[in-house]
Structures are given as C-alpha cells and as structure tokens.
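The next block holds one structure in the form of structure tokens; read it before the comments.
Residue numbers (this note's numbering): 46 to 600.
Following this line, the structure appears as structure tokens:
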C-alpha cells in the first residue's frame, strides 16, 4: 500500500510547492520502484534469538555489466542463517539488467551470479583488464569472485583465484565490505576485504529479554583482521596481509573507502570499525601500510571516543583538493565528518559542518557524497535504520527510519533538507546498503537503497535541470582498465575548481558507478579537465562542452 500511494503523494507534494509560488526545492527525488519491475526482497532469515548476523547485510552495486552504457543493479541477499536453515535459489543474490526505459529485467538465472550462502556486501572492478566489470561478493564463511565472461554470464572462479578461504590460514570468517584498489600501482586491481567479528551460531550470545531479543553489541565478540590480496596478473591472487602490515591491526571492520589522502600518488584505505577506533591505512610506496588513524585524527570523534561506525565515503567535500571523510553511526553518536587539513591531519567537524544535529537522531548505514543538485558542491546522503528490530521495545527508538540528505551550501556548511526532498524521503524502512549512479544518463545522480524485509528503494533524482553537469569515464592503458585511483580536477568556465577520484567503493558494503560525476552550476563549458592517472601520467583536456558523458583514455 505504501508504494502504491507514493506517486499520488509525490504529485500532491510537488503541487503544494508550486501553488505557494515558492521555488521547488533544489534537491528532489521521486520513487521509481513501481515502474521498475524489480521484485527483489532483502531477506535476513531472522530468528527469535536475533543473532548479530541478521542486522548487517544488504549490499547493493550499480555497474554496467554488459557495457551498453547504462547502469545495472546487483543485490546481495542473506537467505538463511548458517547452521539453522538450508537456503535456496529464491533467496539468493539478484542481478537486474537496465532496459534503458526506466525498467529492469531479472537476469540472475542466466547470468550465474545467484551464488550460495549468506551474502553481505559487493565490490565491482575489472580485475583482469578485459573490459568487463567483475563482482566480488562478501559473506559469512564464504566470499565469492564472479568473473564477467563478456557475454552476459559470470563464472565463479573463487577457488581458482585463490580466494576460497580467508587469508593464508584458510580459516572461515565473516567479511562485510570489500574494495578494488591498485595499491602497488602495477596496473592490476588488488582486493581489500574488511572483516567483522568471530561469530557462529554455536557461539551466538543472547541479549535482551526472552521473546524480545536484541542483536548483541559487537563488544560481545572478538574482532578479526582485514585482508589484502595482491593481483598476480594471471587470474590468481596472493594474500599479502601479513607482509604489508594490514593483518597486524585487528578491528571490527564494516565500511571501506579508498582515497589518496596525503597526495603522494598511492591510494590509502579507511576502515570504519564498529565501536572500535577507525583505521586509516597509509600506503607507503606500494609496499607496506602504516595504520595512522589516531595520529591523523580519524580514529575517534572530537570527544576521543569511538562510534558504531558503519558506512564511509572518502571525498573532497569543500573543493580544496583534499579528500575528506564522512562516516555513519548509531543514534546518539552523530555521523562524524573528518575534514582533511593537509599535512596528514583531519579535524572532526560534524557540528561545525551542520551534519551533527540532524544525524544525532538517526542511525546510519550506507552513505555517499555526491552533487545531487549539480551546483558544484557535493551533498551527503545517508541510508538510515536502527540496528535491532526489537529496539523500540526498550525505549523511544525507531527501528525503521527515513533516509537523510544534507545539501552542501558551500563554505563547509551543510543543511538537512530531507523533509523537502520529496515523499521518497518520508518512507520508513530498515535501510541498509546504498549505491549511487546515474541510472538514466540524464546527468543527475540516482540512488538505490536496500531494505530488510522489503523491496528496495529506487530514488530517481528529479532535481532542477537548471544546472549543468559532466560525467567522466576513465579508461586506463598503463593504469588499470577502470582507471580506479585516478584523480580528476575540473576547472569550469567561471573558474570554479572541483576535485574527485575514480572509485567504486562507497558507503556500506556497496559499490557505486565508476564514472565520476561533476555538477557545474551555470557553466555550459569546462575550461579544463586534468587527470592524474595511477601510472603517474598527467592528462589535460581543454574546452569541454557540458551535459555529456566524456570518455577519457589514458595517453
């Protein structure tokens, strides 16, 4: 009933704005679910014991698996909790092909990506540089690498690639997020995997009263080390977690975000840890990583305490050329915003930026920093919901929550405009993963959000077309084929300068469009696009017309 009424509510809402004579809100979304043909429902297989596993799933990927120029959608699914119920095909992962008319077709059965087991997150990237994006799916006791065969099908090559187990010990574990990153700049995408806690149904703890159990806090379980796998270039990977220094730091990893935070040309890795200090792995010349979370100022809030960090995005929020961090957390903690001050330091600035007050009342999962109104400033979206389904039985908590969007007003200030962004932002659900990308290639960034026990939300960006835009797709030659890790500087006709970089690792357990979006405001042309490729090559392209998808190939 809720979704059936949404178009009517949207029309009334929009009409109300027009009848008052006031301008329409600058950021506006509408639901595209009803017409999409997507029937997927995220299943967590929950049971009365409420094990911690049933709260943390829900990754989404937006990627063009068939190279037709339009983004397709992949959903991970939990199915049935390991050790309790045998799952089946009806509950496995789902792949939907974009029909280019606002609808999607379920091609899971033909594609071969249904997988098995309790899936969590997804990472997208062309690991073998054959021109087709591959899928890596994280989960409990099993991760899966699906190779894109280029004919609409995928092959599970996990065992052949050397990724069947977790690390050199082949010990089973629990992975949440992953990211493709060329950490040693050899032109081949490597794989970073975040690990959560050491859990099994046999060791499951019980929290809360019988009949209204709660998901136990992560402090109940031992944390696990993260993993880094080096791409050997022959379809196999080598676990280099120990020799690179990654394995020496044990946390409770959830979201993963990648950026070159100190401008030395090597990508660094941020891990959002749940109720533990966050990690920032500084890449030292592509050989080792040093964990600098505390010394850089991203491990804790400004009060010196950790938060229940879940999702993260690593983007330049204030156009100063330095990537900043925005992280989601539980209600009462605020969503930390770490502004990059340069020289290896960040300042926790959630309240100074304006994100703090609104986020204090929300529990956030996925997050993305994108310019939704194309004014040249990146805004912030968060997918919200409490962790535990039974939380409302213990106090004034909301399990199902509405999503949030903060509009970037420039000068480092954000305004919560969720109540003005459309009826789609009044939907209460158990939101989890979210992926970002332009589904219809109209220059406005759309959002797909998963929700436990319900169909996903397809949030179509219907903000004003008054501003211009540019969508840049990179194609590496000496660098990896996707151009992941390339940094891009765009100078508009009026002198406005923006910075971004190529990554698919965004938010919580999700993967977003590899194309890099820039809002241009009133600029109909770009004075210059400057790309610094992972190989170190610098490419400058002058005089670019706006409102187009621009393919840039590495010289």
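We treat Cβ as the ideally placed atom computed from N, Cα and C, and that holds for glycine.
Identified DSSP bridge partners for residue i
i, result
"residue 413", "426"
"residue 274", "236, 284"
"residue 87", "497"
"residue 385", "391"
"residue 335", "327"
"residue 446", "474"
"residue 552", "357"
"residue 600", "In the DSSP output, where bridge partners are listed per residue, residue 600 has none listed."
"residue 150", "142"
"residue 543", "535"
"residue 220", "240"
"residue 363", "DSSP, once it has assigned bridges, lists no residue as partnering residue 363."
"residue 460", "452"
"residue 225", "236"
"residue 586", "574"
Host beta strand (DSSP E) of residue i (start-end)
i, result
"residue 155", "No beta strand (DSSP E) contains residue 155, which is instead part of the alpha helix (DSSP H) from 153-156."
"residue 581", "Taken as a continuous stretch (DSSP letters only), residue 581 belongs to no beta strand (DSSP E), as it is neither H nor E."
"residue 314", "313-318"
"residue 566", "561-566"
"residue 299", "298-304"
"residue 122", "Taken as a continuous stretch (DSSP letters only), residue 122 belongs to no beta strand (DSSP E), as it is neither H nor E."
"residue 108", "105-108"
"residue 370", "369-372"
Segment limits, alpha helix (DSSP H) that includes residue i
i, result
"residue 263", "Neither: residue 263 is in no alpha helix (DSSP H) and is coded neither H nor E."
"residue 394", "Counting along the chain, residue 394 falls outside any alpha helix (DSSP H), and DSSP gives it neither H nor E."
"residue 79", "78-81"
Own chain residues within Cβ distance below 6 Å of residue i, not counting five before or after
i, result
"residue 401", "379, 395"
"residue 411", "356, 428, 478, 479, 552, 553, 555"
"residue 463", "449, 450, 470"
"residue 536", "542, 572, 573"
"residue 70", "465"
"residue 382", "371, 394, 395, 398, 400"
"residue 275", "235, 283, 285"
"residue 174", "526"
"residue 545", "533, 561"
"residue 133", "In this prediction, residue 133 has a pLDDT of 46, which is less than 50 and means its spatial position is unreliable; what the coordinates show is noted afterwards. Closer than 6 Å at the Cβ level, and outside the excluded window around residue 133, lies no residue."
"residue 266", "242, 243, 244"
"residue 213", "Bear in mind that the predicted position of residue 213 carries a pLDDT of just 43, short of 50, making it unreliable; the figure below should be weighed with that in mind. So the qualifying residues of the chain are 284."
"residue 596", "518"
"residue 184", "162, 163, 164, 165"
"residue 598", "520"
"residue 587", "573"
"residue 145", "115"
"residue 157", "198, 199"
Cutoff 7 Å; reference residue i; Cβ partners in own chain excluding five residues on either side
i, result
"residue 592", "488, 513, 514"
"residue 581", "310"
"residue 331", "228, 229, 230, 311"
"residue 206", "190, 280, 281, 282"
"residue 287", "none"
"residue 335", "290, 327, 329"
"residue 600", "582, 584"
"residue 333", "289, 290"
"residue 278", "233"
"residue 170", "178, 179, 225, 234, 527, 529, 549"
"residue 159", "134, 137, 138, 153"
Any non-hydrogen atom of the ligand NAD within 6 Å of residue i CB
i, result
"residue 315", "This structure does not include the ligand NAD; it has no bound ligands of any sort."
Close Cβ partners of residue i (< 8 Å) along its chain, the five nearest in sequence each way excluded
i, result
"residue 19", "This structure does not reach residue 19, given that the chain is present from 46 up to 600, and the question cannot be answered."
request  = Spell out a yes or no on whether the region 80-92 and the region 508-527 are touching, meaning 3 or more CB-CB pairs, one atom from each, closer than 8 Å.
outcome  = Touching, no.
Meets three-Cβ-pair contact criterion under 8 Å: the region 539-550 and the region 437-455 = No: fewer than three Cβ pairs fall under 8 Å.
request  = For the region 93-113 and the region 244-260, state whether three or more C-beta atom pairs, one from each stretch, are separated by less than 8 Å.
outcome  = Enough Cβ pairs lie closer than 8 Å, so yes.
message = At 3 residues or longer, what runs of the beta strand (DSSP E) sit wholly inside the region 152-210?
response = Runs found: 164-170, 179-184, 189-193, 199-201.
key: At least 3 beta-carbon pairs within less than 8 Å: the region 443-452 vs the region 484-491   = Judged by pairs of C-beta atoms under 8 Å, the region 443-452 does not touch the region 484-491, as fewer than three such pairs exist.
ask   = Counting pairs of beta carbons, one from the region 112-124 and one from the region 139-155, are three or more of them closer than 8 Å?
value = Judged by Cβ distances under 8 Å, the region 112-124 makes contact with the region 139-155, as three or more pairs qualify.
inquiry  = Across the region 191-211 and the region 221-234, are there enough close Cβ pairs to call them in contact, namely three or more that are closer than 8 Å?
reply    = No, the region 191-211 does not touch the region 221-234.
inquiry  = Quick test of the definition: if touching needs 3 or more C-beta pairs under 8 Å, does the region 525-541 touch the region 493-507?
reply    = Contact between the region 525-541 and the region 493-507 is absent, because fewer than three Cβ pairs lie under 8 Å.
inquiry  = Going residue by residue through the region 468-534, where are the continuous beta strand (DSSP E) segments of at least 3 residues, counting only ones entirely within it?
reply    = With a minimum length of 3 residues, the continuous beta strand (DSSP E) runs that stay inside the region 468-534 are 476-482, 491-496, 499-506, 513-520.
The region 312-326 contacting the region 340-350, beta-carbon criterion three pairs below 8 Å = The region 312-326 is in contact with the region 340-350.
request  = Would you be able to state if there are at least three C-beta pairs under 8 Å between the region 229-246 and the region 407-425?
outcome  = The region 407-425, when compared against the region 229-246, does not touch it at the 8 Å Cβ threshold.
inquiry  = With three or more beta-carbon pairs closer than 8 Å as the criterion, would you say the region 256-263 touches the region 433-440?
reply    = The region 256-263 vs the region 433-440: in contact.
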